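Here the structure is laid out as structure tokens; the discussion comes afterwards.
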Amino acid sequence: MKVGIDAMLQSLDPYTVFIPEAQIEDLRLFTDGSYEGVGMLILARDGKIFISEIYEGFPAHLAGLMAGDQILTVNGVSVTNRTSNDVATLLRGHPNTPLTLTVQRYGQRTPIEKTLMRREIRFDNVSYSTIFEENIAYIKLDGFTDGAANEVREAFLRLRNEGATSLILDLRGNGGGLMTEAADIVSLFVDQGLPVVSVRGRVEGRNQTLRTTSEPIDRNIPIVVLIDRGSASASEIVAGALQDYDRAVIIGQRSFGKGLVQNILPLDYNAQLKITTARYHIPSGRCIQAFNFADRDEEGRARRVPDSLRTPFQTQGGRIVYDGDGIEPDIELEPTAISNITATLFARLHFFDFANQFRHRNPTIPSPSEFVVSDKLFNEFIKFLDGRDIEYQTQTEFLLEALTAAAKEENYFDAIREGLELVRKKLEADKEADLIKHKDEIKKVLGLEIISRYYFQRGATTFVLRSDEVSQKAIQVLQDLEKYKRILTN
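Okay, so the sequence shown: first residue is 588 according to the working numbering, each after it adds one.
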């Protein structure tokens, strides 16, 4: 029945989904930022289940479990050859109920048994906040679940009391959440009573406009908002509203482009339906929906709104902005593309395995602000990779194969055989040097994996920000207030 329901809903849009009772916890995590369990992520690999990440301060962490531990049994039930979804279901349960895990830790022969007490796991929307140089506050907002605006308010007031005179609000990778929280965050920085987002659907009586509901806590502090292709929905409402009111400079990459609103409808058997009911429009009047799901190509894929059909709108100060295809940054930066070799090392868990061994050999390391992946450590990693599968196919190799097949089909192969072979050998030689060619990139990912073993999510964020080009650009803009003002007035 679920397969049939899902197939029917596919003809609408990807945000209209059927949620059976077994998946209600996932919906709760999206709206409330909480679920009931022990606070860790797992992954399946070759019929085995491993802990991939531990969340600081929750039962798994307090019990001494570590990323890299292999889970053997859950409450005496073997998890061998089980899917990660199956095991996740075993791990979850009502608060204050016990959970016994048997794990095998790298470097130890005897399995370890841990008894944990399940509890409500609630994740902060503001995962990290600090003050950079020149008294620049930084707030990383990861979600828009219940209470997000209050978390931003508290973090900002604390940083301002510590001397912050400008603000970076980082919405990169934030896929959104509750629209009301987005409106409340905008309320912190613009005048009361202004429209933030208007919901417009086919049923007139359900249309509404959310406005700023309170006096701002700071209407003058310079603000930079960071976005990328992972910034969607509520993130786009905040970034777009602050842009429309000329209240913040937007830096990064064009956002995702989700301008559709969903409502939750209760169904029989404790199931629910999340269904798209309207579009939303930000203060300038534009809708930033990137895809038209009513207009599909021959293969059934929704078409992106073409540039020729994008309509110009104006910010409060008269700057031209466009609807469709997300929020366009005031300063657009090229996204950092990860190399094929680094992606392969990550996907095949080579960083993960090395970090497990490293953690076993090194009980402590310097703080995230001081830790460095030295050339010596990098060379250890290269040696660790010896004999492991790091083969991958580049786009050039893929096209070379296609060219070879086409040449054979059209009887040109004999004429270009030598040339094709020379190209193939050159590509193989270059691939062998990829580890050295992408040394700096590999060092960053390796360092991030290692840091997370000791300092968890906050430490990982600290480590990443040390070499983050986008936040560095934001700092430069906020250090030059004349440039900041020119951007908002031109």
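Virtual Cβ for every residue (Gly too), placed ideally from N, Cα, C.
This one's a predicted model, so the numbers in the text were calculated from it and none came from an experiment.
Span of the beta strand (DSSP E) around residue i
i, result
"residue 625", "Looking at the DSSP string, residue 625 is not in any beta strand (DSSP E), and its letter there is neither H nor E."
"residue 726", "723–728"
"residue 701", "699–704"
Three-way DSSP call (helix, strand, coil) for residue i in this model
i, result
"residue 995", "helix"
"residue 957", "coil"
"residue 757", "strand"
"residue 557", "In the structure as shown, the chain starts at 588 and stops at 1077, and residue 557 therefore has no counterpart that could be examined."
"residue 647", "helix"
"residue 538", "Residue coverage of the chain in this structure runs from 588 to 1077, which leaves residue 538 outside it and unanswerable."
"residue 681", "coil"
"residue 653", "coil"
"residue 952", "coil"
"residue 869", "coil"
"residue 879", "strand"
"residue 851", "strand"
"residue 902", "coil"
"residue 909", "strand"
"residue 671", "helix"
"residue 639", "strand"
"residue 795", "strand"
"residue 713", "strand"
"residue 859", "strand"
"residue 1020", "coil"
"residue 840", "coil"
Any chain B beta carbon closer than 7 angstroms to residue i
i, result
"residue 607", "No chain B appears in the structure shown, which is made up of a single protein chain."
Whole-angstrom C-beta distance between residue j and residue i, which should lie under 8 angstroms
i, j, result
"residue 891", "residue 878", "6 angstroms"
"residue 902", "residue 833", "5 angstroms"
"residue 900", "residue 910", "6 angstroms"
"residue 845", "residue 820", "5 angstroms"
"residue 850", "residue 608", "Actually they are not in contact, since the Cβ atoms of residue 850 and residue 608 sit about 19 angstroms apart, beyond 8 angstroms."
"residue 863", "residue 852", "Between residue 852 and residue 863 the Cβ distance is about 11 angstroms, and since that is not below 8 angstroms, they are no contact."
"residue 725", "residue 716", "6 angstroms"
"residue 984", "residue 1014", "6 angstroms"
Contacting residues, own chain, Cβ-Cβ under 8 angstroms from residue i (five flanking each side not counted)
i, result
"residue 990", "1007"
"residue 671", "629, 630, 631, 636"
"residue 958", "952, 1034, 1037, 1038, 1050"
"residue 612", "622, 623, 679"
"residue 634", "667, 668"
Member of the options whose CA lies at the smallest distance from the CA of residue i
i, options, result
"residue 929", "978, 902, 959", "978"
"residue 682", "622, 673, 651, 1012", "622"
"residue 1060", "720, 998, 667, 644", "720"
"residue 870", "824, 925, 655, 699", "824"
"residue 1050", "1062, 1066, 1033", "1033"
"residue 843", "856, 746, 915, 812", "915"
"residue 1011", "998, 982, 973", "982"
"residue 855", "606, 598, 601, 594", "606"
"residue 800", "643, 786, 955, 775", "775"
"residue 665", "651, 751, 689", "689"
"residue 960", "975, 935, 942", "942"
"residue 797", "781, 1045, 627", "781"
"residue 975", "660, 934, 841, 997", "934"
"residue 936", "956, 968, 955", "968"
"residue 802", "792, 771, 827, 822", "771"
Own chain residues within Cβ distance below 6 angstroms of residue i, not counting five before or after
i, result
"residue 760", "817"
"residue 1000", "994"
"residue 617", "none"
"residue 687", "662, 702"
"residue 971", "941"
"residue 809", "753, 1065, 1071"
Range covered by the alpha helix (DSSP H) that runs through residue i
i, result
"residue 742", "735–748"
"residue 822", "821–831"
"residue 835", "Element bounds for residue 835: n/a, residue is neither H nor E."
"residue 1029", "1026–1052"
"residue 891", "Here residue 891 belongs to no alpha helix (DSSP H); instead the beta strand (DSSP E) covers 889–891."
Same chain only: Cβ atoms within 7 angstroms of residue i, ignoring 5 sequence neighbours per side
i, result
"residue 1057", "813, 838, 839, 920"
"residue 729", "712, 714, 761"
"residue 600", "847, 863, 880"
"residue 738", "711, 712, 713"
"residue 592", "605"
Check: residue i C-beta below 6 angstroms from any heavy atom of the ligand ADP
i, result
"residue 906", "Looking for the ligand ADP in the displayed structure turns up nothing, as the structure carries no ligands at all."
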